[in-house]
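Trainee: Residue numbers 131 to 441, in our numbering, belong to the letters of the sequence shown in order.
Where a beta carbon is used, it is the ideal one built from N, C-alpha and C, also for glycine.
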Amino acid sequence: MIQTTRKLNEFEKMFTLTDEACQFAVEIEQSSFIPLLIDNFKKSMLGFHLKTKDDHLIYDTQAIPVYSLPESIRTCQEAAIYIDKNLPINFSKALCNIAANSNIVAVNATHMIYDGGFFIDLYPRLLNQNIDDNYLQHRSPRKIPFTPHELFPIEFTNKNMKKLVERHFEDMKHIPYVKQSSQIDQKIDQEAKCKSHSYESKASEYQFLTNKMGLTDMYWTYIPLNVMALNDSIQIPDFGIMCCVDFRQFMSKKNINRLVCETFTEINLRLNNVRPNMTVRQVGKLLRERFNVMKNDGSVFASFQAMQDGI
131 MIQTTRKLNE FEKMFTLTDE ACQFAVEIEQ SSFIPLLIDN FKKSMLGFHL KTKDDHLIYD
191 TQAIPVYSLP ESIRTCQEAA IYIDKNLPIN FSKALCNIAA NSNIVAVNAT HMIYDGGFFI
251 DLYPRLLNQN IDDNYLQHRS PRKIPFTPHE LFPIEFTNKN MKKLVERHFE DMKHIPYVKQ
311 SSQIDQKIDQ EAKCKSHSYE SKASEYQFLT NKMGLTDMYW TYIPLNVMAL NDSIQIPDFG
371 IMCCVDFRQF MSKKNINRLV CETFTEINLR LNNVRPNMTV RQVGKLLRER FNVMKNDGSV
431 FASFQAMQDG I
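#1: From what residue to what residue does the alpha helix (DSSP H) around Val295 run?
#2: Which term fits Leu360, buried or exposed, when burial requires 16 or more other beta carbons within 10 angstroms of its beta carbon?
#3: Answer with buried or exposed for Ala333, where buried requires no fewer than 16 other C-beta atoms within 10 angstroms of its C-beta.
#4: Kindly indicate the opening and closing residues of the alpha helix (DSSP H) around His327.
#5: Assign Lys183 to one of two classes, buried (16 or more other C-beta atoms within 10 Å of its C-beta) or exposed (fewer than that).
#6: Helix or strand or just coil, what does DSSP make of Val118?
#7: Quickly, what does DSSP pair Met372 with across the bridge? List them, please.
#8: Expressed to the nearest angstrom, what Euclidean distance is found between the alpha-carbon atoms of Tyr349 and Cys226?
#9: Check Thr191 in the structure and name its three-state DSSP category.
#10: Using a Cβ-Cβ cut-off of 8 Å (strictly less than) and excluding sequence neighbours within five positions of Glu285, which residues of its own chain qualify?
#11: Relative to the alpha-carbon of Thr134, which residue among Lys181, Ile158 and Phe145 has its alpha-carbon at the smallest distance?
#12: Just grab the DSSP bridge partners of Arg136 for me.
#13: For Cys391, count the other beta carbons within 10 Å of its own beta carbon; 16 or more makes it buried, fewer makes it exposed. Which is it?
#14: Excluding the five sequence neighbours on either side, which residues of its own chain have a C-beta within less than 6 Å of the C-beta of Phe141, listed in chain order?
#15: For Val235, which beta-bridge partners are listed by DSSP?
#16: Check for me: the beta strand (DSSP E) holding Ser198 runs from which residue to which?
#17: In angstroms, rounded to a whole number, what distance separates the CA positions of Cys152 and Pro165?
#18: Provide the residue span of the alpha helix (DSSP H) that contains Asp263, from first to last.
#19: Can you tell me the Cβ-Cβ gap for Arg269 and Ser174, rounded? I've got them flagged as a contact below 8 Å.
#20: Roughly how many whole angstroms lie between the Cα atoms of Val404 and Arg411?
#21: In its own chain, which residues sit with a C-beta less than 6 Å from the C-beta of Phe299, not counting the 5 before and 5 after it?
#22: For Leu187, which of Glu296, Phe178, Pro195 and Ala210 has the nearest alpha-carbon?
#23: By Cβ distance, which residues of its chain are closer than 7 Å to Asn139, with the 5 residues on each side in sequence left out?
#24: Taking Cβ to Cβ, would you say His279 is nearer than 8 Å to Phe145?
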């Protein structure tokens, strides 16, 4: 029997409320490759055939419209901004939209079923004349993305799961958060969105290379410091940050296919032994050590379970 529907998990439901989406655009030098790109996107992304009704994910064998990108759009960043603004996701119709011009193909997909890891894995396949059957899962009757619980049944039955979930909630209380409320919270602007600014610089200009400190480790340290500065509060000895973890790193590459869509979690990476006289490098090292422990003791799976239990 072909599985064409399942109930949304609590993590997925969250994204129906936040309306978050992933934009992914590919630029090609030869326009003749555009049809191949479009075809491979359609084959690889079940989201074009998925929609939601009530609290269920449903597969529907509907036609996939390809929208037009203005020819004036010449960069992937411009394409991503355009589809985000002009091709929003309608959950009752389809969970992905695709658009193209003579040199760029861009996809807008709800974060409810897709994440960055999916597109990282998909990217090197996009110009294949024949994407392998294993990735497309032609032999599988399933038409619905896997949930983390289905992919990691053993990990989610960890005997320490209850204790790890409790620690997840406790750690959350001690991580610094930005206290300033948004315009949406203040009911000033219901259409307001998070805004970002992109800057390009040579990698050689950044401190993480000069100081031989991991980029992620630097994020883990300077973002909490900035948050505490915004809040005008120093949370010593508590220090930490919420960060994403891709579950794919715990999978065999041969098992990663188009049914492995949104497959990540958010962990509370917390320290309770930070002192004012520590250097950024020392704190970064402690955070890395704590992260490695959480990867190995089941905490990353407990964090996802916590969201199912009601974060």
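Mentor: Answer, in terms of the structure:
#1: Run containing Val295: Met291 to Met302, per the alpha helix (DSSP H) assignment.
#2: So Leu360 counts as exposed.
#3: Result: exposed.
#4: Annotation for His327: no alpha helix (DSSP H) segment contains it, and DSSP assigns it neither H nor E.
#5: By the 10 Å Cβ count, Lys183 comes out exposed.
#6: Summary: the structure shown does not reach residue 118, with the chain confined to residues 131 through 441, and so no result is reported for it.
#7: According to DSSP, Met372 bridges with Asn398.
#8: Going by the C-alpha atoms only, they are around 31 Å apart.
#9: Three-state DSSP puts Thr191 in coil, outside helix and strand.
#10: These residues qualify, in order along the chain: Phe380, Gly428 and Phe431.
#11: Here the closest residue by C-alpha is Lys181.
#12: Arg136 is bridged to Leu187.
#13: With 16 or more Cβ atoms within 10 Å of its Cβ, Cys391 is classed as buried.
#14: Cβ within range, chain order: Met437.
#15: In the DSSP output, where bridge partners are listed per residue, Val235 has Val156 and Ala230.
#16: Segment Val196 to Ser198, the beta strand (DSSP E) holding Ser198.
#17: So the two alpha carbons sit approximately 22 Å from each other.
#18: Run containing Asp263: Asp263 to Leu266, per the alpha helix (DSSP H) assignment.
#19: So it is not a contact: roughly 16 Å between Cβ atoms.
#20: One C-alpha to the other measures close to 12 Å.
#21: The answer is none, since no qualifying residue turns up.
#22: Across the set Glu296, Phe178, Pro195 and Ala210, the C-alpha of Phe178 shows the shortest separation from the C-alpha of Leu187.
#23: If we look at Asn139 and ignore the five residues flanking it on each side, its Cβ neighbours are Thr277 and Gln438.
#24: The beta carbons of His279 and Phe145 sit no closer together than 8 Å.
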